[in-house]
Amino acid sequence: MTPRREIFAAALLSIAFLLLILGIWHVATLPKVEAAGAADEYAKLMGKGAKKSDGFPAPSQLASAIAKHIADPFYDKGPNDKGIGIQLAHSLSRVGLGFLLAIIVAVPLGFLIGMSPLFRRALDPFIQVLKPISPLAWMPIALYTIKDSSISGIFVIFICSVWPMLINTAYGVASVRREWLNVARTLEVTPLRKAFLVILPAAAPTILTGMRISMGIAWLVIVAAEMLVGGTGIGYFVWNEWNNLNLTNVIFAILVIGIVGMALDLIIGRLQRLVTYAE
Amino acid sequence: MPFLQVQDLKRTFPAAGGGTTTVFEGVNFSIERGEFVCIIGHSGCGKTTILNVLAGLDTASGGLAIMDEHEIGGPSLERGVVFQGHALMPWLSVASNIAFAVRSRWPDWPRSKVRQHCQQFIDMVGLSGAEDKKPAALSGGMKQRVGIARAFAIQPKMLLLDEPFGALDALTRGTIQDELVRVVQATHQTVFMITHDVDEAILLADKILLMSNGPNAVIAEIVENTLPRARTRHDMHHDPQFYRIRNHLVDFLVTRSKQFQTGELERPAEPLTVRPGVDAEAHRSIPDAAPAPRAAANH
Ligand SMILES: Nc1ncnc2c1ncn2[C@@H]1O[C@H](COP(=O)(O)OP(=O)(O)O)[C@@H](O)[C@H]1O
Ligand SMILES: [Mg+2]
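Chains as they are written, first to last, in my numbering: chain G, 276 to 554; chain B, 26 to 324.
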């Protein structure tokens with residue numbers, strides 16, 4: 276265990292780093308006061324005062340953007356103007372569905388591969404070839420065959436989540452300790468009970484590790500996928516705000532992507548701890 | 026016909042450079058109902074392999090084993106196994122580990138009956154209070170006790186133990202040995218146990234099988250333990266028989282176990298049955314039957 280004092284010191288240091296970054300950012304984006312001149316006069320005339328910014332948003336602008344988005348996260352003013360909550364919900368549901376599909380396919384298939392050396396050898400070439408393909412490369416095929424951008428997004432999440440889960444499940448199942456299987460054999464445990472009560476709990480930590488990797492990749496990929504196909508989602512939000520030249524909203528979205536990604540990882544990390552056993 | 030009959034058992038493995046190595050062959054012995062049999066031999070002679078064949082976890086290359094008039098062809102709930110490394114499921118508590126076995130044996134039992142049955146065996150091995158602990162929170166001795174309780178809880182016709190106390194310190198081993206004596210006497214359990222501890226064999230066994238060194242190992246002798254059955258760790262060495270038996274066993278392990286390979290001793294077709302505790306002839310080779318320091322077979 277880390278001593279309390281150390282945790283406290285680390286927290287203080289984190290806050291200090293944050294303040295430092297905000298400070299540098301603030302100074303770097305301070306409006307430049309230019310020598311009074313025609314331009315200045317012109318600006319005054321235009322009612323903009325003597326300030327001129329180079330366009331990069333200041334921390335204060337981000338703060339007010341955050342406040343605005345949080346105050347009303349679920350507004351819907353047409354296809355190009357939806358609240359951040361709605362966009363997130365779209366992204367999360369795509370990730371959730373794709374991830375769920377991947378579990379449904381990868382865990383049973385991983386069991387099969389892990390238990391049968393024959394299947395492992397037969398399927399290994401496919402896995403080795405398919406695994407390194409960027410999930411976005413599937414997008415044209417998905418769009419062509421599925422003809423629905425939202426479902427194509429789900430497919431892309433599925434295809435990128437399935438490999439780490441499949442490989443980890445197969446590995447976890449194949450490396451279940453022989454003595455536990457022998458216990459099950461001497462107790463004449465039925466195959467189904469053996470699968471659920473011995474192999475699954477024994478392999479669960481490894482399977483969850485695969486899921487954690489999958490979720491990390493899925494959250495990276497969904498942003499890119501939504502930028503590509505557009506419509507809805509946090510990725511589309513980033514792209515749309517970039518087209519609006521609203522960098523403040525882009526930075527806000529980046530922050531949200533980071534925090535949600537962290538939260539997803541934390542959730543699976545919790546689940547992982549739940550099934551992990553000490554030997 | 027005896028309860029367990031092992032006839033001409035043989036096990037070969039593919040050798041590293043092609044061909045096969047015969048671990049043991051011509052293994053013959055029998056066990057009566059309610060008998061406690063220990064097998065002693067040097068490491069690698071094939072004791073675990075024999076036990077695995079009896080458990081049905083391994084298949085012999087030749088010969089057969091018949092238990093209760095049925096040939097052993099696979100694992101069965103009729104035979105409980107206590108594994109060398111306890112083999113508890115680390116994600117289950119003590120009670121759940123035992124309940125897993127009990128539910129496998131009696132799938133129709135209601136929850137309350139399973140719990141009550143498990144508790145009885147947890148109490149039997151002195152683990153009351155540790156029911157909800159995970160194996161990782163137990164000492165080596167406690168883990169092995171859970172393994173024993175799990176094997177007893179399915180009330181098998183025969184119990185197979187593979188060096189169950191090998192990894193324990195002497196003090197813990199003594200306590201659990203006493204417990205095993207008590208439980209076996211109370212339940213009249215038929216037991217086949219591997220050990221490398223000569224004193225343990227004398228304490229527990231009615232009959233001790235001596236296995237020669239491998240490859241091509243055989244059961245060379247069967248030593249009948251003529252010490253009265255009501256013996257304890259504390260008083261058995263007061264009996265003059267004890268050192269006669271003990272010396273006979275140690276002498277086998279030190280000298281005779283390797284003489285079957287060199288040809289100095291001829292492989293017996295049927296193992297010789299000896300009673301060194303009472304027969305002068307059996308320990309003729311050891312003129313001085315004086316107390317020897319505590320010794321165990323190398324393992
Ligand atoms: N699966 C196997 N493949 C090849 N050789 C094996 C295998 N299992 C055991 N053996 C060999 O059989 C011999 C007996 O092993 P074992 O029964 O474990 O001995 P013991 O329990 O008496 O120490 C050893 O020499 C070992 O190398
Ligand atoms: Mg062994």
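Cβ atoms here follow ideal geometry from the backbone N, Cα and C, with glycine treated the same way.
Please read these numbers as outputs of a predicted model, since none were measured by experiment.
Output the distance between the C-alpha atoms of B:I233 and B:R271, rounded to the nearest integer angstrom. 11 angstroms
Residue of B:P240, B:G191, B:N77 and B:Q32 minimising C-alpha distance to B:V48: B:P240
Starting from B:K283 and walking both ways along the alpha helix (DSSP H), at which residues does that stretch end? S282 to T287
Report the rounded CA-to-CA distance for G:L298 versus B:A120, giving the unit in angstroms. A small correction: the amino acid at residue 298 of chain G is Gly; Leu does not occupy that position in the sequence shown. Approximately 59 angstroms between the Cα atoms of the pair.
For B:Q286 and B:T280, what's the separation of their Cα atoms in angstroms? 12 angstroms
At 3 residues or longer, and completely inside the region 212-276 of chain B: list those beta strand (DSSP E) runs for me, N to C. 215-219, 232-236 and 244-249
Close Cβ partners of G:S335 (< 7 angstroms) along its chain, the five nearest in sequence each way excluded: none
Name, going along the chain, the residues of the region 457-473 of chain G whose beta-carbon falls closer than 9 angstroms to a beta-carbon of chain B. N457, V458, A459, R460, T461, L462, E463, V464, T465, R468, L472 and V473
Check the Cβ-Cβ distances between G:E516 and every residue of chain B, and say whether any is below 8 angstroms. no
On the DSSP bridge list, what partners appear for B:I64? B:I219 and B:L234
Continuous beta strand (DSSP E) stretch holding B:F54: start and end: T45 to I56
DSSP bridge partner residues for G:R460 (one or two, in chain order): The partner list for G:R460 (beta bridge, DSSP) is empty, contrary to what the question assumes.
Three-state secondary structure (DSSP) at G:P354? coil
In the region 341-363 of chain G, which residues sit with their C-beta less than 8 angstroms from some C-beta in chain B, listed in chain order? none
Given that a residue counts as buried once 16 or more other Cβ atoms are within 10 Å of its Cβ, and exposed if not, what is B:T73? buried
C-beta atoms of G:P407 and G:T523 nearer than 8 angstroms: no
Rounded to whole angstroms, what is the Cα-Cα separation between B:R136 and B:G81? 29 angstroms
Under 7 angstroms from any heavy atom of ligand 1, does the C-beta of G:V531 make it? no
From the DSSP output, in three-state form, read off G:G324 for me. For G:G324, the pLDDT reaches just 46, beneath the cut-off of 50, and the residue's location in the model is therefore unreliable, although a value from the coordinates is still provided. Three-state DSSP puts G:G324 in coil, outside helix and strand.
For B:P265 and G:A445, the rounded distance between their alpha carbons: 60 angstroms
Nearest-angstrom Cα distance between G:C435 and G:P410? 5 angstroms
Excluding sequence positions up to five away, which residues of its chain have a Cβ less than 7 angstroms from the Cβ of B:M167? L152 and A155
Does B:E112 get closer than 8 angstroms to chain G when you measure Cβ to Cβ? One detail in the question is off: residue 112 of chain B reads as Ala in this sequence, not Glu. It does: the Cβ of B:A112 has a partner Cβ on chain G nearer than 8 angstroms.
Is the beta carbon of G:A553 sitting closer than 8 angstroms to the one on B:A161? yes
Taking 8 angstroms as the CB-CB limit, is G:A449 close to chain B? no
Residues surrounding ligand 1 [beta-carbon distance to nearest heavy atom under 5 angstroms]: B:F38, B:V48, B:S68, B:G69, B:C70, B:G71, B:K72, B:T73 and B:T74
Considering only the alpha carbon of each residue, which of G:L293, G:G353, G:G330 and G:L288 lies closest to G:L305? G:G330
Give a single yes or no on whether G:E454 has its beta carbon closer than 7 angstroms to a heavy atom of ligand 2. no
CB contact check: B:F108 to chain G, cutoff 8 angstroms: yes
Name, please, each residue of chain B whose Cβ falls closer than 7 angstroms to the Cβ of G:P476. W116
Taking 7 angstroms as the cut-off, is the beta-carbon of B:Q109 closer than that to any non-hydrogen atom of ligand 2? yes
Per-residue contacts from B:P296 into chain G (C-beta, under 8 angstroms): Those do not exist, as B:P296 stays about 27 angstroms from chain G at its closest Cβ, beyond 8 angstroms.
In the region 127-144 of chain B, which residues sit with their C-beta less than 8 angstroms from some C-beta in chain G, listed in chain order? S129 and R130
Which of the three DSSP states is assigned to B:K159 in this structure? coil
Classification of G:T277 by the beta-carbon crowding that lies within 10 angstroms, buried from 16 upward: exposed
Run the proximity test for B:I219: is its beta-carbon closer than 7 angstroms to any non-hydrogen atom belonging to ligand 2? yes
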